[in-house]
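Here's the structure we're looking at; comments come further down.
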Amino acid sequence: MGIETLSQSVLPVLEEMIANQNWRIRAESINILSYLIKNSPISFLNEKIIKFVTEYLKDRANAVRKEGVKLIIKIIDQHGQGWV
Numbered sequence: 000m001g002i003e004t005l006s007q008s009v010l011p012v013l014e015e016m017i018a019n020q021n022w023r024i025r026a027e028s029i030n031i032l033s034y035l036i037k038n039s040p041i042s043f044l045n046e047k048i049i050k051f052v053t054e055y056l057k058d059r060a061n062a063v064r065k066e067g068v069k070l071i072i073k074i075i076d077q078h079g080q081g082w083v
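Structure follows, in structure tokens:
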């Protein structure tokens with residue numbers, strides 16, 4: 000699946016998941032995003048994914064914020080400290 004396909008199909012679903020009132024659904028969206036990070040170039044992260052990461056860090060549920068921090072660690076592991 001190419002980056003353009005992901006942008007058009009998966010990212011809108013992630014946006015809906017992040018807006019969901021249930022914190023478990025918001026937290027689960029992080030797992031989907033983790034998969035995308037493994038298979039995405041850094042330019043895609045900077046253009047499309049960073050907005051999701053910042054939303055996780057601002058979430059009202061502590062569990063979602065914790066998962067957001069773990070996601071940042073995964074990004075750094077995958078793409079290096081230069082990404083930060």
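According to numbering that gives the first Met the number 0, the residues represented by the sequence shown are 0 to 83, in order. Every residue, glycine too, gets a C-beta built ideally from N, C-alpha and C.
- The stretch 34-69 contains, as complete alpha helix (DSSP H) runs of 4+ residues, the segments 49-56 (chain order).
- Shortest Cα-Cα distance from Ile75 to any of Ser28, Ile17 and Ser33 involves Ser33.
- One alpha carbon belongs to Ser39, the other to Ala62, and they sit about 25 Å apart.
- If you check the CB distance, Ser28 and Ile36 do not come in under 7 Å.
- Residue environment for Gly67: buried (at least 16 other C-beta atoms within 10 angstroms of its C-beta).
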